[in-house]
Amino acid sequence: DAGVTQSPTHLIKTRGQQVTLRCSPKSGHDTVSWYQQALGQGPQFIFQYYEEEERQRGNFPDRFSGHQFPNYSSELNVNALLLGDSALYLCASSFSTGSEKLFFGSGTQLSVL
Amino acid sequence: AQSVAQPEDQVNVAEGNPLTVKCTYSVSGNPYLFWYVQYPNRGLQFLLKYITGDNLVKGSYGFEAEFNKSQTSFHLKKPSALVSDSALYFCAVRDDSWGKLQFGAGTQVVVTP
């Protein structure tokens, strides 16, 4: 049973470009959350998707957008990249109900030059 | 609003000695508390959670945590540390069963032989 998988593992972009990160949740999970982890900091919540809709959003600008597909996989899109967007982007999946723990992927390391 | 504080950037302990990683939290309602561990270049791995019930929660790899409502603390403990416990530990809280997790800044644990 595969856990949460993310692609790509590493990515290098330049300022102003756009990037798409992908996530496949753990089998059976229907909720996907995205977190940004800057160097030396704890993960910060970006948004959560359930039933193909954004259910909750953290304090991130509209440059950050997402999508969830019918098979529960998800994408994170970031437009007009800034140097400060350089971070590890973590995807986490869970069940929609109950006090469930999150299962995290290994993340995508994004470097913006 | 919810918040988490991990007052120690790093904890150093000798192998075989007890390990404690401190966490205090603030949340408007009943807290859902979690501990995660992160190894280099990896995502977060779940250790344990507190929702309701006994104040002493047992988790993975011999870790346990004590919930103290009056002190709003949720300290992580291990009776006898191993070198392999060296990692970055995150405390996290949320105020409902499905919403965003608020993470602390993390505590680096270094266990020396």
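Protein sequence lines correspond, in order, to chains A and B. Under my numbering, the final residue of the first sequence carries the number 113; numbering is consecutive throughout. Under my numbering, the final residue of the second sequence carries the number 226; numbering is consecutive throughout. Backbone N, C-alpha and C define an ideal beta-carbon position, used for all residues, glycine too. Predicted, not measured: the structure shown is a model, and the values here were computed from it.
message = At a CB distance below 7 angstroms, what residues from the stretch 201-218 of chain B approach chain E? Give them in sequence order.
response = Absent from the structure is chain E; the protein chains it does hold are A and B.
inquiry  = Tell me the rounded alpha-carbon separation between B/K182 and A/R15.
reply    = Residue numbering aside, residue 182 of chain B sits at position 69 when the second sequence is read from its first letter. Residue numbering aside, residue 15 of chain A sits at position 15 when the first sequence is read from its first letter. The straight-line gap from Cα to Cα measures roughly 46 angstroms.
ask   = According to DSSP, what are the bridge partners of B/K162?
value = Residue 162 of chain B sits at position 49 when you count from the first residue of the second sequence. Partner(s): B/F147.
Exposure of A/S74, with buried meaning 16 or more beta-carbon neighbours within 10 Å = Mapped onto the first sequence, residue 74 of chain A falls at position 74. Counting Cβ neighbours within 10 Å, A/S74 comes out buried, since at least 16 surround it.
query = chain B partners of A/Q41, CB-CB under 9 angstroms?
reply = Taking the first sequence and counting its residues from 1, the one referred to as residue 41 of chain A is at position 41. What A/Q41 touches in chain B: F216, A218 and G219.
task = Taking only beta-carbon positions, decide if B/V147 is within less than 8 angstroms of chain A.
result = Here residue 147 of chain B refers to the residue found at position 34 of the second sequence. In the sequence on display, residue 147 of chain B carries Phe and not Val. So yes, B/F147 belongs to the interface.
ask   = By Cβ distance, which residues of its chain are closer than 8 angstroms to B/E121, with the 5 residues on each side in sequence left out?
value = Within the second sequence, the letter at position 8 stands for residue 121 of chain B. V134, K135 and T220.
task = Tell me, please, whether the CB atom of B/L157 is closer than 8 angstroms to any CB atom in chain A?
result = Here the question's residue 157 of chain B lines up with position 44 in the second sequence. True, the Cβ-Cβ gap to chain A drops below 8 angstroms.
query = If you draw a straight line from the C-alpha of B/G175 to the C-alpha of B/K191, how long is it?
reply = The residue labelled residue 175 of chain B in the question sits at position 62 within the second sequence. The residue labelled residue 191 of chain B in the question sits at position 78 within the second sequence. Between B/G175 and B/K191, the C-alpha separation is close to 6 angstroms.
ask   = What three-state label does DSSP hand A/V78 in the structure shown?
value = As a first step, residue 78 of chain A must be located in the first sequence, where it is residue number 78. Looking at A/V78 - three-state DSSP - the assignment turns out to be strand.
query = Just curious, the beta strand (DSSP E) that A/H29 is in, first and last residue?
reply = Position 29 of the first sequence, counted from the first residue, corresponds to residue 29 of chain A. Looking at the DSSP string, A/H29 is not in any beta strand (DSSP E), and its letter there is neither H nor E.
inquiry  = Let me check one thing: in DSSP terms, what residues is A/I46 bridge-paired to?
reply    = Residue 46 of chain A sits at position 46 when you count from the first residue of the first sequence. DSSP lists no partner for A/I46.
request  = Check whether the Cβ atoms of B/A205 and B/L214 sit closer than 8 angstroms, and answer yes or no.
outcome  = For this step, residue 205 of chain B is matched to residue 92 along the second sequence. For this step, residue 214 of chain B is matched to residue 101 along the second sequence. In contact: B/A205 and B/L214 (Cβ atoms closer than 8 angstroms).
query = Over what stretch of residues does the beta strand (DSSP E) that includes A/T5 continue unbroken?
reply = Taking the first sequence and counting its residues from 1, the one referred to as residue 5 of chain A is at position 5. Per DSSP, A/T5 belongs to the beta strand (DSSP E) from T5 to S7.
query = Pick from A/H29, A/V4 and A/G84: whose alpha carbon is nearest that of A/L51?
reply = The residue given as residue 51 of chain A occupies position 51 in the first sequence. The question names Leu, yet the displayed sequence has Glu at residue 51 of chain A. Measuring from the Cα of A/E51, the nearest candidate turns out to be A/H29.
message = Strictly below 8 angstroms CB to CB, what residues from chain B border A/L83?
response = One-based indexing of the first sequence puts residue 83 of chain A at position 83. Those do not exist, as A/L83 stays about 21 angstroms from chain B at its closest Cβ, beyond 8 angstroms.
ask   = Could you give the distance in angstroms between the alpha-carbon of B/F180 and the alpha-carbon of B/F216?
value = Here residue 180 of chain B refers to the residue found at position 67 of the second sequence. Here residue 216 of chain B refers to the residue found at position 103 of the second sequence. If I take the Cα positions, the gap works out to 17 angstroms.
query = Around the C-beta of B/T165, are 16 or more other C-beta atoms found within 10 angstroms, so that it is buried, or is it exposed?
reply = Start at 1 with the first residue of the second sequence, and residue 165 of chain B comes out as number 52. Label assigned to B/T165: exposed.
message = Counting only beta-carbon separations shorter than 8 angstroms, does A/L28 have a partner in chain B?
response = Locating residue 28 of chain A in the first sequence gives position 28, where the first residue counts as 1. The sequence as given places Gly at residue 28 of chain A; Leu does not occur at that position. Output row for A/G28: interface = no.
ask   = In terms of residue numbering, what span does the beta strand (DSSP E) encompassing B/L191 cover?
value = Within the second sequence, numbered from 1, the residue matching residue 191 of chain B stands at position 78. Reading the sequence as shown, one finds Lys at residue 191 of chain B and not Leu. First-last of the beta strand (DSSP E) with B/K191: S186 to K191.
ask   = Using a C-beta cutoff of 8 angstroms, does A/F45 count as contacting chain B?
value = Translated into positions along the first sequence, residue 45 of chain A becomes position 45. Interface residue, yes.
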